[in-house]
Amino acid sequence: MKREFIKGNEAISKAALLAGCSFYFGYPITPSSEIVHACAQLFPLVGAGFLQAESEVASINMCYGAAAAGRRVMTASSSPGISLKQEGVSYMASAELPVVIIDIMRAGPGLGNIWPEQSDYNQVVKGGGHGSYKCPVLAPNCPQEMCDHTILAFELADKYRTPVYVLADAYIGQVMEPVEFPSEVLPVAKKEWAIYGDKESKHNLVTSIQMNTIEMEKVNVVLQKKYKEIEEKEVRFSEYMTDDAEMIIVAYGISSRLARSVVNDLRSKGIKIGLFRPITLFPFPKKQILKHADHAKLFVALELSNGQMVDDVRLAVNGKRPVEYYGRMGGAVPTHDELIEQISGFYKKYIG
Amino acid sequence: MEEATTPRVEISFDQCKGCELCVIECPKKCLFMSKKINQFGYLVAEYSGKDCTGCGICFYACPEPGTITVYKKIKNKV
Amino acid sequence: MSTTEETKTKSDTISKPAGFVEDFVRKPGKFPKVTHYCPGCGHGRVHKLIAEAMADLEIGDKTILISPVGCTVFAYYYFDCGNLQAAHGRAPAVATGVGRSNPGSITISYQGDGDLGAIGTAEIIHAANRGEDMTVIFVNNGIYGMTGGQMAPTTLEGQVTSTSPYGRDIRDAGHPMRMAEIIATLEAPVFVERVAVSDSKNIMKARKAIRKALQSQKDGHGFSFVEILSACPIGWKMKPTDAVKRVNDEMAKYFPIQNFKDKIAEHQPYPPRVTTPDNKKIIEVLGVNKDVRLFKKDQKFLDNFKDQNIKIAGFGGQGVLLAGTTIGYLGMETGLNVTWLPSYGPEMRGGTANCNVVLSNKEIGSPMVEHPSALIAMNGPSLEEFGPTVKKDGLIIINSSVVKEEYTKRNDVKKIYIPMNEIAESLGVMAAANMAAVTAFIAATKAFELNHLLELIKHNFKKKHLIEQNIAVINKSYQYVNDTYFK
């Protein structure tokens, strides 16, 4: 184990190599560019493939090709780039190709700006491209998790033959913290469905088209079964002071870091408040949130968007308790004082 | 003992789509469109039974992979 | 077994090439011997030439064919090789991924005119420009066959299609694109030729070109491109026999049938790509096998540590970010929790730069420093901007080499003035003003021992020849702050 003081974005590139990733295809975009920089620097040194693609669209399709060849492959971008990749993600979901996609979210819509937002939630967690598909989504909130989740993402991608997202924001990408990296490279098993350009694998086929409606429905049924299994087995979350909480903030990524400071502060003032942090956004920890509706009288979704995750919190709580939302947009990050005022306001309104 | 056979062309009745491209390409004009209709409803091409030189032009003219087989001038072992 | 069957050898007959699978079992329906193509379709002719070349060049086992979107989306029904189906226009990108992943394989990107000349223009140009190991078979029939006879980028002027019902108007729709000519202008492609599958003479030229292109890839020459003028009788609403005639009479007039580039003979084959990482190298390059801890864990130090929320600000080029990471490293090496959050993006490329550093013996929530316990202001604007945000009883360290006037807006904080630039310059390292800043922070807060900083610099500093001078700056700065404020 080596501890390194490192940016979240750079931790991703190193973790990818340790996860057995042998290809990176990407296009630079702030605030994710440190990932492509680090890959450009490291991958050729160890004999892995690196290519700066001509576009986001090309890069995800290069991933499609490499994944079809059985490789562990990664691409990374930031919100506008993820919009462009959605076509390829849909194809990969349908063709059941594993890939790890990193999204370091910035502000939108449109070109927006390079400051943090969490407004890709809907396009990343709900599928994003055409067709009935979803991708597992991991939401790290520190560089250590940027490392750990990247490695986990490769494992999940291969296990379920699906694209997997690591969804972080500009601040989690830019922040430096100590990270402990594993000291071994994960083995990558030969995939019996992949196309290796040899006699043994030449009758394999990777495709996403089935003209026959019943056959295409079968493809969809297989996918839905897979998503159900993922919902049953892969839910991840963390909790902070939720046991006796009357009020629970639900937040992921940078928002969860802000929320933790708020919880510490308000707890010191005697308010029973806790933090529930979904680590997987799909599958969303619905049951685990609902469980808290027994004792918590109020849930507040804190997110840097117009309120996207809050829909999932409401579905989880299922009308049992009120669910409020607070957030900022445009790259503005709420200050601690602002959050104390807002969250206290909700507390007064519902609890007293 | 070896014996020379005459070249010929075989057109699969079931696989012909009746596009007529082999007919117009044949340098010896020994293929023609017949009045017979196959399972798809296409009028199929046929070999007249004579003049084939085994040149293979009709094979490459035909868009279908296995519809046409050309037997070149070969020596059969008897 | 009859005598004839017994002697049906490859050399005796011209029949279905071995590059095709025996029965097209992937094709739905009851007829596994025939293709899904319309009567007289040019694709069938092209398929036959590819299948034959694959068999004759003995490359079937290592060939990977990319089926595009268009009528050949189902090419994988037919070819006895690895098959991959791609999104519209993306075949060259997919081929790049699969080809690079399988060095030594033969990659065929089979594309139509909409795929290659319209929606996938970027992908084909760049794959060609990189000289990817692939052979592009570009079937140009000037129409979108599969999706209903619409105009293609190669539809001829005046040609009626379902989206050019009054004939292609070049003022509106532009000119038909000559893709082979465009590709031939690029450096990397070794072989670019336009052929036609219109009559037996042209089919034989096409056969030769396809074989040459595949052979060149097999020999390691990278990218080759064969454009094939081809008939779409149904899309053109013509009899097949008239359609093939139109290829020669109309299409070939605008799209000359010729070779545009053949530098195979003079081209040095590329060495095979290495794309399989060496695990030992990964461990070595990442350095993850070493566990170097600079300082011994000091529990008392950790227990007594008081949280620090530091803002360091200045103009770009003053080493503000590095000052922050230096404090961050100190925190990490002494076992604290640390976060460092920079300003980034265009800000960094001119104008101001700042960073936030949080040090704590507890888990850190927000990495943002809104109310610094310590501000290091390297220039005037930074002091103006962040001075008011400093916590009551906090600390402001001011670079008095740049800020000449006393800062009077805050009298509820401790202020330390230190001529960072002068100290650095006096020791011959102008760039070390930021080290003076870090040292001033340590001297003023005693958050870390001076020794820790010195050790860290010796260990971490990348420019080894400047270590001694930086150490001198640190020592002088420490002494300056101590002498001025703590005596």
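Protein chains in written order, with this note's numbering: chain X, 1 to 352; chain E, 1001 to 1078; chain H, 2001 to 2487. Don't be surprised by glycine CBs; every beta carbon is placed ideally from N, CA and C.
Buried versus exposed call for residue i [16 or more other C-beta atoms within 10 Å across all chains shown]
i         : result
H:Arg2171 : exposed
X:Ile214  : exposed
H:Leu2336 : buried
E:Thr1006 : exposed
H:Asp2113 : buried
X:Leu97   : buried
H:Val2292 : exposed
X:Glu10   : buried
X:Gly110  : exposed
H:Thr2408 : exposed
H:Lys2463 : exposed
H:Thr2003 : Note that H:Thr2003 scores a pLDDT of 39, beneath 50, so its modelled location is shaky; the value from the coordinates is reported in the next line. H:Thr2003 is exposed by the Cβ-count criterion.
H:Ser2162 : exposed
E:Ile1037 : exposed
H:Glu2266 : exposed
X:Thr242  : buried
H:Phe2486 : exposed
H:Asp2249 : exposed
H:Leu2263 : In the sequence as presented, Leu is not what sits at residue 2263 of chain H; that position holds Lys. Classification for H:Lys2263: exposed.
X:Glu56   : buried
The beta strand (DSSP E) enclosing residue i, as first and last residue numbers
i         : result
H:Asp2262 : 2259-2262
X:Glu239  : 237-240
X:Asp103  : 99-107
H:Cys2355 : 2352-2360
X:Met176  : 176-181
X:Gly274  : 273-278
H:Pro2342 : 2337-2342
E:Ser1034 : 1031-1037
H:Ala2436 : Segment 2433-2445 is the alpha helix (DSSP H) holding H:Ala2436; no beta strand (DSSP E) there.
H:Met2332 : Premise fails: H:Met2332 lies in the alpha helix (DSSP H), 2320-2333, not in any beta strand (DSSP E).
Whole-angstrom distance between residue j and residue i, CA atom to CA atom
i         : j         : result
H:Val2021 : X:Val164  : 35 angstroms
X:Gly88   : H:Ile2442 : 52 angstroms
H:Ile2106 : H:Gln2308 : 60 angstroms
H:Asn2482 : H:Ala2444 : 8 angstroms
H:Pro2165 : H:Ile2066 : 32 angstroms
H:His2036 : H:Gly2044 : 9 angstroms
X:Ile248  : X:Pro322  : 11 angstroms
H:Asp2303 : H:Asn2361 : 7 angstroms
E:Leu1021 : E:Glu1046 : 12 angstroms
X:Tyr64   : E:Lys1035 : 50 angstroms
H:Glu2333 : X:Val179  : 12 angstroms
H:Thr2007 : H:Pro2269 : In this prediction, H:Thr2007 scores a pLDDT of 40, lower than 50, which makes its location untrustworthy; no coordinate-derived value is stated.
E:Val1078 : H:Asp2012 : Model confidence at E:Val1078 stands at a pLDDT of 49, short of 50, so the residue's coordinates are unreliable; what they give is reported in the following sentence. Rounded to whole angstroms, E:Val1078 to H:Asp2012 spans 15 angstroms at the Cα level.
H:Ala2432 : X:Val185  : 39 angstroms
E:Ile1057 : E:Lys1028 : 10 angstroms
E:Cys1055 : H:Ile2203 : 14 angstroms
X:Arg314  : X:Ala259  : 19 angstroms
X:Val46   : X:Ala93   : 29 angstroms
Boundaries of the alpha helix (DSSP H) in which residue i is found, first to last residue
i         : result
H:Thr2484 : 2467-2485
H:Pro2233 : 2233-2236
X:Ser119  : Taken as a continuous stretch (DSSP letters only), X:Ser119 belongs to no alpha helix (DSSP H), as it is neither H nor E.
Q | Contained alpha helix (DSSP H) runs [length at least 4] in the stretch 2033-2115 of chain H, N- to C-terminal order | A | 2042-2056, 2091-2101
Q.
Three Cβ pairs or more, each shorter than 8 angstroms: is that satisfied between the stretch 2196-2208 of chain H and the stretch 2233-2247 of chain H?
A. yes
Q) What are the start and end residues of each continuous alpha helix (DSSP H) run of 4 or more residues lying completely inside the stretch 14-40 of chain X, in chain order? A) none
**Q.** Touching by the beta-carbon criterion (3+ pairs, under 8 angstroms), the stretch 1010-1023 of chain E and the stretch 1059-1074 of chain E
**A.** Yes: the two stretches touch, three or more of their Cβ pairs being nearer than 8 angstroms.
Q | Inter-stretch contact (C-beta, 8 angstroms, three-pair minimum) for the stretch 2024-2043 of chain H and the stretch 172-186 of chain X | A | no
Q: Inspect the CB distances between the stretch 2147-2155 of chain H and the stretch 2127-2137 of chain H and report whether three or more fall short of 8 angstroms.
A: no
Q) Unbroken beta strand (DSSP E) runs of length 3 or more, entirely within the stretch 208-258 of chain X: which are they? A) 237-240, 247-250
(Q) Is it the case that the stretch 68-76 of chain X contacts the stretch 193-203 of chain X, given that we only count it when at least three CB pairs across the two stretches are under 8 angstroms? (A) Segments in contact, yes.
Q) Using 8 angstroms as the threshold, is the stretch 20-36 of chain X in touch with the stretch 195-212 of chain X, meaning 3 or more CB pairs across them? A) no
Q. For the 8 angstroms Cβ check, are there 3 or more pairs between the stretch 2221-2234 of chain H and the stretch 2274-2291 of chain H?
A. no
(Q) For the structure I just gave you, are there three or more beta carbon pairs, one from the stretch 267-278 of chain X and one from the stretch 222-229 of chain X, closer than 8 angstroms? (A) No, they do not touch.
Q.
I'd like to know if the stretch 104-121 of chain X and the stretch 77-87 of chain X are in contact, where contact means that at least 3 CB-CB pairs between them fall below 8 angstroms.
A. yes
Q: Mind the definition here: the stretch 2311-2328 of chain H touches the stretch 2351-2360 of chain H only if three or more C-beta pairs lie below 8 angstroms; say whether that holds.
A: yes
Q. Are the stretch 2421-2439 of chain H and the stretch 2466-2483 of chain H touching, with three or more C-beta to C-beta distances below 8 angstroms?
A. yes
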